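**Q**
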Amino acid sequence: MAIVNSSTFGIYFPDLMQRLKKIGIVERITVDPKIPGRELAGKLKGCKFVIASVTPNFTSEFFQYNKDVKLIARHGIGYNNVDIKSATENGVMVTRVLGIHERDSVAELAIALILICLRQIIPANKAVKENKWQDRKGFVGGELSKLTVGIIGYGNIGSRVAEIVKEGFGSEVIAYDPYIADKVIEKTGVKPVSFEELLKTSDVISLNASLNEGNYHFINKRAFDLMKNEVVIVNTARGELINQDDFIEALESKKVSAAGLDVLEEEPINPSNPLLKFPNVYIVPHIGGYGKYSLRKMDEKMVEDIEKLMKGEIPEQIVNPEVIEKIITEFKGRK
1 MAIVNSSTFG IYFPDLMQRL KKIGIVERIT VDPKIPGREL AGKLKGCKFV
51 IASVTPNFTS EFFQYNKDVK LIARHGIGYN NVDIKSATEN GVMVTRVLGI
101 HERDSVAELA IALILICLRQ IIPANKAVKE NKWQDRKGFV GGELSKLTVG
151 IIGYGNIGSR VAEIVKEGFG SEVIAYDPYI ADKVIEKTGV KPVSFEELLK
201 TSDVISLNAS LNEGNYHFIN KRAFDLMKNE VVIVNTARGE LINQDDFIEA
251 LESKKVSAAG LDVLEEEPIN PSNPLLKFPN VYIVPHIGGY GKYSLRKMDE
301 KMVEDIEKLM KGEIPEQIVN PEVIEKIITE FKGRK
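Under the UniProt record's numbering, the first residue of the sequence shown is numbered 1, with each subsequent residue one higher.
1. Shortest alpha-carbon distance to Pro-33 belongs to which of Glu-266, Ala-87 and Leu-118?
2. If we ignore side chains and look at the alpha-carbon of each, how far apart do Asn-131 and Lys-297 end up?
3. How would you write the range of the beta strand (DSSP E) that Thr-95 sits in, first residue to last?
4. Cα separation between Leu-276 and Ile-248?
5. So the candidates are Ala-87, Lys-126 and Lys-292; which of them puts its Cα closest to the Cα of Phe-139?
6. Could you have a look at Glu-27 and say whether DSSP puts it in helix, strand or coil?
7. Identify, in the order they occur along the chain, each residue of the same chain with its Cβ nearer than 6 Å to the Cβ of Val-31, setting aside the five sequence neighbours on each side.
8. Taking the runs of the beta strand (DSSP E) that are 3 residues or longer, which of them lie wholly in the region 141 to 193?
9. Measure the alpha-carbon distance for Leu-256 versus Gly-153 and round it to whole angstroms.
10. Quick one: is residue 336 buried, meaning 16 or more other Cβ sit within 10 Å of its Cβ, or exposed?
11. Please determine, among Pro-274, Gly-37, Gly-239 and Leu-71, the residue with the shortest C-alpha to C-alpha distance to Leu-309.
12. Count the other C-beta atoms from every protein chain shown that fall within 10 angstroms of the C-beta of Gly-10, then say buried if there are 16 or more, exposed otherwise.
13. Taking the beta carbon of Gln-18 as the centre, do at least 16 other beta carbons fall within 10 Å, making it buried, or is it exposed?
14. Beta strand (DSSP E) containing Tyr-282: first to last residue?
15. Please report how far the alpha carbon of Lys-221 lies from the alpha carbon of Cys-47, in whole angstroms.
16. Based on DSSP bridge pairs, tell me the residues matched to Ile-82.
17. Below 8 Å, can you find three or more Cβ-Cβ pairs linking the region 145 to 165 to the region 206 to 213?
18. What does a CB cutoff of less than 6 Å around Ile-185 pick up in its chain, not counting 5 residues either side in sequence?
19. Between residue 356 and the rest of its own chain, which residues show a CB-CB distance below 6 Å, the 5 nearest in sequence each way excluded?
20. Can you tell me whether DSSP reads residue 404 as helix, strand or coil?
21. Identify which residue in Ile-122, Pro-36, His-101 and Val-92 has its Cα closest to the Cα of Val-284.
22. When DSSP builds the beta bridges, which residues end up paired with Arg-74?
23. Could you give the distance in angstroms between the alpha-carbon of Leu-147 and the alpha-carbon of Val-232?
24. Is the separation between the beta-carbon of Ile-157 and that of Asn-320 shorter than 8 Å?
25. Checking 8 Å against the spacing of the C-beta atoms, do Phe-169 and Leu-199 come in under that value?
26. Starting from Gly-99, trace the alpha helix (DSSP H) both ways and give me its first and last residue.
27. Per DSSP, which one or two residues make a beta bridge with Leu-207?
28. Relative to the alpha-carbon of Val-165, which residue among Pro-271, Gly-214, Leu-113 and Gln-120 has its alpha-carbon at the smallest distance?
29. Which whole-angstrom value describes the C-beta separation of Leu-109 and Asp-262, a residue pair presumed to lie in contact below a C-beta threshold of 8 Å?
30. Leaving out five residues before and five after Ile-324 in sequence, what residues of the same chain have Cβ atoms less than 7 Å from its Cβ?
31. Is it the case that the Cβ atoms of Leu-44 and Asn-66 are separated by a distance below 8 Å?
32. Taking only three categories from DSSP, how would you classify Leu-261?
33. How would you call Arg-238, buried or exposed, if buried means at least 16 neighbouring beta carbons within 10 angstroms?
34. Is any non-hydrogen atom of the ligand FMN found closer than 7 Å to the C-beta of Thr-95, if you look at the structure I gave you?
35. Considering only C-alpha positions, which residue in the set Ile-306, Leu-241 and Lys-326 is nearest to Phe-49?
Right under this line is the structure:
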């Protein structure tokens, strides 16, 4: 089995790695995030189980040339880097982490990024370390409690961000999610609004939506034009939600006063990425799920998926249930 491009799995909780080693040989593999499918297929030749990070992409070409892999266990909630149609056609099961396991960890990071943007915490700390205490007059910021926060994506994580902001800070909270009924949002004390109204009304916008074909680059020039001046944007969901060229234009014009990003369309970030030149853009390296409790639960889920298959049992959170019968029959036959 192979652990691909994961910087954390088995590192912080070695007991879980030992459970895997009881099943078979475990190899840790690091590849270029953009590795071609055929090349990746060769590197994973002979591996039946793959624990996969957010990269690389398991494309149709990968499944065309690799017939050994039977399970891709995504070490996270999203699975945009796996071609589910091709996986299903080739009888490969894809699983993912339970959303509840990352809920608090990602939501708390979103709140931290919001506060960093509003209160200029990082430049203020830098000033102190540079013996510029007297510069504190330049670090006047906004109070979250006095602002309207717009949540885009009111699922597992977005609803938790809303809860913390509303109950903990007393902010006015509005939400947009085309996949969740208004009455569900209203029951949490949050006002459901249209996409356009959220953009026009929010002082802070938190992106918490899963990536799909309908929202790719939907935070674009049109969206920025509708936003309030000096809006704060935080993205802990997927980098592809934002059109970066339009984002840079909005930063240059000061339409966006500050941004906190845990995700980017291209990860890891290219050193030449123009976002790095903005002192008011705070980027962290996709650490939303890296709370200790969250990470432990994520790692356990990956191990349990493999252990269950080895027993001929059905794992939880299967993305493509169409393959269950084939895969379970195959593994039961090995017992």
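Every residue, glycine too, gets a C-beta built ideally from N, C-alpha and C. Remember, predicted model here, so these are calculated numbers, not experimental data.
**A** The short version:
1. Numbered from 1 along the sequence shown, position 33 holds the residue referred to as residue 33. Here the closest residue by C-alpha is Glu-266.
2. If you number the sequence shown from 1, residue 131 lands on position 131. If you number the sequence shown from 1, residue 297 lands on position 297. The alpha-carbon atoms of Asn-131 and Lys-297 are separated by roughly 43 Å.
3. For the purposes of this step, residue 95 is identified with residue 95 of the sequence shown, where counting begins at 1. Thr-95 -> beta strand (DSSP E) spans 93 to 95.
4. Locating residue 276 in the sequence shown gives position 276, counting from the first residue. Locating residue 248 in the sequence shown gives position 248, counting from the first residue. Looking at the two C-alpha atoms, the distance is approximately 10 Å.
5. Sequence index remark: in the sequence shown, residue 139 carries index 139 (1-based). For Phe-139, the nearest C-alpha among the options comes from Lys-126.
6. Locating residue 27 in the sequence shown gives position 27, counting from the first residue. Looking at Glu-27 - three-state DSSP - the assignment turns out to be strand.
7. For this step, residue 31 is matched to residue 31 along the sequence shown. Leaving aside the five residues that flank Val-31 on each side, the residues in its chain whose CB is nearer than 6 Å to its CB run, in chain order, Pro-56.
8. Whole beta strand (DSSP E) segments, 3+ residues: 148 to 152 and 172 to 176.
9. By 1-based counting over the sequence shown, the position of residue 256 is 256. By 1-based counting over the sequence shown, the position of residue 153 is 153. For clarity, residue 256 is Val in the given sequence; the question names Leu instead. So the alpha carbons of these two residues sit roughly 20 Å apart.
10. What is shown of the chain runs 1 to 335, which leaves residue 336 out entirely.
11. Taking the sequence shown and counting its residues from 1, the one referred to as residue 309 is at position 309. Nearest of Pro-274, Gly-37, Gly-239 and Leu-71 to Leu-309, Cα basis: Leu-71.
12. As a working note, residue 10 is residue 10 in the sequence shown. Classification for Gly-10: buried.
13. Sequence index remark: in the sequence shown, residue 18 carries index 18 (1-based). With fewer than 16 Cβ atoms within 10 Å of its Cβ, Gln-18 is classed as exposed.
14. What you label residue 282 is simply residue 282 of the sequence shown in a count that begins at 1. Where Tyr-282 is concerned, the enclosing beta strand (DSSP E) stretches over 281 to 283.
15. As a first step, residue 221 must be located in the sequence shown, where it is residue number 221. As a first step, residue 47 must be located in the sequence shown, where it is residue number 47. Straight-line measurement puts the Cα of Cys-47 at about 44 Å from the Cα of Lys-221.
16. For the purposes of this step, residue 82 is taken as residue 82 along the sequence shown, with counting starting at 1. The sequence as given places Val at residue 82; Ile does not occur at that position. Answer is Phe-58.
17. Pairwise C-beta distances place the region 145 to 165 in contact with the region 206 to 213, as three or more of them are shorter than 8 Å.
18. As a working mapping, residue 185 is identified with position 185 in the sequence shown. Excluding the 5 residues flanking it on each side, Ile-185 has same chain C-beta neighbours closer than 6 Å at Tyr-154, Ala-175 and Pro-192, in chain order.
19. With the chain running from 1 to 335 in the structure shown, residue 356 is simply not present.
20. The chain is shown only over 1 to 335; residue 404 falls outside these bounds and no answer can be derived.
21. By one-based count along the sequence shown, residue 284 stands at place 284. Here the closest residue by C-alpha is Ile-122.
22. One-based indexing of the sequence shown puts residue 74 at position 74. DSSP, once it has assigned bridges, lists Ala-52 as partnering Arg-74.
23. Start at 1 with the first residue of the sequence shown, and residue 147 comes out as number 147. Start at 1 with the first residue of the sequence shown, and residue 232 comes out as number 232. Computed Cα separation, rounded: 11 Å.
24. The residue given as residue 157 occupies position 157 in the sequence shown. The residue given as residue 320 occupies position 320 in the sequence shown. In this structure, Ile-157 lies away from Asn-320, with their beta-carbon atoms at least 8 Å apart.
25. The residue given as residue 169 occupies position 169 in the sequence shown. The residue given as residue 199 occupies position 199 in the sequence shown. No, the pair does not count as a contact, with Cβ atoms beyond the cut-off.
26. On the sequence shown, residue 99 is found 99 positions in, with the first residue counted as 1. According to the DSSP assignment, Gly-99 belongs to the alpha helix (DSSP H) that extends over 99 to 119.
27. Counting from 1 along the sequence shown, the entry for residue 207 is found at position 207. Leu-207 is bridged to Ile-152 and Asn-235.
28. Residue 165 sits at position 165 when you count from the first residue of the sequence shown. Each of Pro-271, Gly-214, Leu-113 and Gln-120 was checked against the Cα of Val-165, and the nearest Cα belongs to Leu-113.
29. Stepping through the sequence shown from its first residue, residue 109 is reached at position 109. Stepping through the sequence shown from its first residue, residue 262 is reached at position 262. About 6 Å separates the two Cβ atoms, so the contact holds.
30. For the purposes of this step, residue 324 is taken as the residue at position 324 of the sequence shown. Hits under 7 Å: Ile-314 and Ile-318.
31. Translated into the one-based positions of the sequence shown, residue 44 becomes position 44. Translated into the one-based positions of the sequence shown, residue 66 becomes position 66. Cβ distance < 8 Å, so Leu-44 and Asn-66 count as in contact.
32. As a first step, residue 261 must be located in the sequence shown, where it is residue number 261. DSSP, read as helix, strand or coil, puts Leu-261 in strand.
33. Residue numbering aside, residue 238 sits at position 238 when the sequence shown is read from its first letter. Buried, since its Cβ has 16 or more Cβ neighbours within 10 Å.
34. Of ligands this structure carries none, so the ligand FMN is not represented either.
35. Within the sequence shown, numbered from 1, the residue matching residue 49 stands at position 49. Nearest C-alpha to Phe-49 among Ile-306, Leu-241 and Lys-326: Ile-306.
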